[in-house]
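First the structure, in the form of structure tokens, and then the observations on it.
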Amino acid sequence: MSIWRVILSIICPPLAVLDKGCGSILITFLLWLCGWVPGVIAALVILNNPER
């Protein structure tokens with residue numbers, strides 16, 4: 027995970043997970059709509075997942 031991805035996940039979480047698949051984008055976007063903090067946490071968790 028690069029520093030640019032971390033910065034992007036803080037600014038706009040759905041953009042940080044664009045290459046992780048449609049489900050990840052949808053989950054992150056919905057959490058981001060519910061609040062900024064849940065969206066950021068979801069994006070960082072998805073980016074730190076070693077299986078993807």
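The sequence shown maps to residues 27 to 78 in the working numbering. By construction, the Cβ of each residue, glycine as well, lies at the ideal position given by its N, Cα and C atoms. Note that the structure is predicted; figures quoted are calculated from it, not measured.
Problem - Expected contact under 8 Å - CB spacing of I53 and A68 to nearest Å - result: 6 Å
Practice task
Would you kindly work out how many angstroms separate the C-alpha atoms of V66 and L57, rounded to a whole number?
Solution key: 9 Å
Practice task
Could you check what DSSP says for G65 in three-state terms: helix, strand or coil?
Solution key: helix
Practice task
Decide if S28 is buried, meaning its Cβ has at least 16 other Cβ atoms within 10 Å, or exposed.
Solution key: exposed
Practice task
In angstroms with no decimal places, state the Cα-to-Cα distance between L70 and G49.
Solution key: 15 Å
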